[in-house]
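Start counting the sequence shown at -1; every next residue gets the next number (this note's numbering).
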Amino acid sequence: MRMAELIASRPAAERRTMAGWALAMALVALLGLELAPLFDVDEGAFSEATREMLASGDWGHTTLNGEPRFDKPILIYWLQAASVQLFGLNEAALRLPSGLATWTWVLSVAAFAWPRWGQRAAMLAGTVLGTSAGVLLIGRAATADALLNLWLALTALELWRHAEGGADARIALRRAALWCGLGVLTKGPVALLVPMAALLLWIVTSGRAAWAPRARALLGDGWAWLIFVAVALPWYAYALHRHGMAFVDGFLLRHNLQRYGGPLEGHGGSLLYYVVLLPLLMLPWTPLLVPLLARLRATWRELLGRYLLLWAGFVLVFFSFSGTKLPHYVLYGFTPVALLAGREAARWLEGAPDARWALYVQAGLLALWPAAAVAATAWVALQAARVANPLYRALIGQPAALVPLAVAALAAALGVLLLLRLRRWAPSVRWSAAGAGVALVLTLAVVPWWGRQLQAPVRAAGQRAAEVLARTDKAADATLVQWGLHLPSVAVYARREAPRRPPLPGDLALAREDQVDVLASQLAALPAGRRPSGADATLPTWQPLMRMGGLVLLRWNGAP
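Take a look at the structure:
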């Protein structure tokens, strides 16, 4: 049944409830996108590459500080660039594609569950997905991860619709090909690997009699393959024609095969990395893993249950063996976990025998989750003096108001307890509202606090550099550099490239204050005859223009 037909066939009260829930999920996904500065390194790199695409007018290729950037395919940059053109170069515009992708991801999960398990399970599955810690973080970041997860979910859910059979089975397969092609255009082969592996594993475990016809139906639809190739191939062919082996080496070999074969950029971990991480990324809904695991055998006996378990299990096992481990990789298999967890939550609310104490535990964690996040924030802030890295010691140790965070956490706890006792609303509505409220406390208070601590000095330095360079003669030739740092968001705020290198005479440089002070003391200790001659002997070797949070923006007057 098509979604429009499904909605039309439901009672009016049920449609109104789901519409209100969808609006609440939109607020969770989109409200306050502008509150935190861009986080480095990932958000800064994606955003600066987008800014450079717009500045150059070259929409076929991405650069970072003028150098080719082969990390990810092109689609997320196109969407971010379109958003910036509409709404200006700011944090909200850069994050808007991820926010919209997350909201669509949540709605697609609810739309899948609604006709199969009912409205209650659909609403709760979408709430678990949209308000879990891991999804909140990637869903409000100017990176490719939320968009990729949307395509993964749409592809895998359409493949199941195809496997179910019926009049729309062939159309579902072709829609899956479209979503998969867009996923490959967003992040590469993983968009094909995950959903295809899930379906093929399900086919293999369905028995020999069903294996051959299902495989032929999946692989033998020429229109589906044509749609996939037409969407995904043209940009890859263009990139290969334009860059040759540099594109193959940079994208396919380094950022795909080498990432799996070994730890890249120090991002390693043990085989249990994602087993430990998944419950943390699922907060505050982690207790739902208990009944999900307890009913594993019964779920396996269901056709759809087995498919969802294989999807989640493949991601967990495959990426556990990856040499490079990043937290968001496990979210590629979080959609089936959220679906099954939402169904378990609905079973609890329908009065399952184990529901009473389970609901108390889940309610307690919902109420205390913001308080735990605020307590961890306060503890880190109070321990700033013990942080080994001088830069992060200075950033975290900046004066910051913790009282508003504590008030927000207390309000969230009281709000959750009041909502869950509000008998005028259906149980699924109360629990979804509580989850949305807790998520908004985190996204509107806790995350912006961390953004201000860690990134406000970078933003201020970029804006100050833009002001100084705008007043400088030959400003078009002046350069802002990152000296011993990798904070690409400074280039976004300065609205110009900021290459990573030592400064030349006349350059502005963003550097760590502790390293500049060491250099100053070393220069002062040199005999006058051994000090480097500057471009202008009447000026000091450098002029500090701004000091904040362990960073210094300076103008370099010394020798190269």
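We put the CB at the ideal spot given by N, CA and C, even for glycine.
Taking all protein chains in view, the Cβ of residue 410 is crowded by 16 or more other Cβ atoms within 10 Å, so the residue is classified as buried.
Taking a 10 Å sphere around the C-beta of residue 541, we find fewer than 16 other C-beta atoms and assign the residue as exposed.
Of the other Cβ atoms in all chains shown, 16 or more fall within 10 Å of the Cβ of residue 110; this residue is therefore buried. With a beta-carbon spacing of about 6 Å, residue 178 and residue 190 fall inside the 8 Å limit used to define contacts. Per DSSP, residue 102 has no beta bridge partner at all.
Under the DSSP definition of a beta bridge, residue 544 partners with 551. Three or more beta-carbon pairs separated by less than 8 Å link the segment 75 to 86 to the segment 49 to 63, which places the two stretches in contact. Between residue 367 and residue 436, the CB-CB gap stays under 7 Å. Assignment of residue 193 by DSSP, reduced to helix, strand and coil, places it in the helix class. The segment 138 to 150 makes no contact with the segment 159 to 173, as fewer than three CB pairs between them are under 8 Å.
Distance between residue 433 and residue 445, taken at the CA atoms: about 17 Å. Residue state for residue 62 is assigned as strand, using DSSP reduced to three classes. Here DSSP, grouped into helix, strand and coil, assigns residue 479 to strand. In the three-state DSSP reduction, residue 281 falls in the coil class, being neither helix nor strand. Counting only residues of its own chain and dropping the five nearest sequence neighbours on each side, residue 20 has a CB closer than 7 Å to the CB of 105.
For residue 350, there is no enclosing alpha helix (DSSP H), since its DSSP letter is neither H nor E. If you ignore the 5 residues before and after residue 360, its C-beta comes within less than 6 Å of the C-beta of 285, all in its own chain and listed in chain order. In the structure shown, the three-state DSSP call for residue 87 is coil. Non-local beta-carbon contacts of residue 119 in its own chain, meaning distances under 6 Å to residues more than five positions away in sequence, involve 111, 340, 341, 344 in chain order. Scanning 95, 29, 117 for the CA closest to the CA of residue 7 turns up 117. Residue 508: member of the beta strand (DSSP E) spanning 506 to 510, first to last residue.
Here residue 59 is buried: its Cβ has 16 or more other Cβ atoms, across all protein chains shown, within 10 Å. Two segments are said to touch when three or more pairs of C-beta atoms, one from each, lie closer than 8 Å; by this definition the segment 543 to 550 touches the segment 446 to 464. When rounded, the separation of the alpha-carbon atoms in residue 513 and residue 389 is 10 Å. Among the bridge pairs identified by DSSP, residue 498 is matched with 480. A distance below 7 Å separates the beta carbons of residue 283 and residue 130. For residue 18, the enclosing alpha helix (DSSP H) covers residues 10 to 28.
In this structure, the CA atom of residue 321 is about 51 Å from the CA atom of residue 9. Nearest Cα to residue 486 within the set 466, 509, 470, 469: 509.
Going by DSSP, residue 160 is part of the alpha helix (DSSP H) stretching over 143 to 162. DSSP places residue 72 in the coil class of the three-state scheme, outside both helix and strand.
Residue state for residue 300 is assigned as coil, using DSSP reduced to three classes. In its chain, beyond the 5 residues on either side, 411, 414, 415 have a beta carbon closer than 7 Å to the beta carbon of residue 365. Contact holds between the segment 325 to 339 and the segment 269 to 276, because three or more Cβ pairs, one in each stretch, are under 8 Å apart.
When DSSP states are grouped into helix, strand and coil, residue 539 belongs to the coil group.
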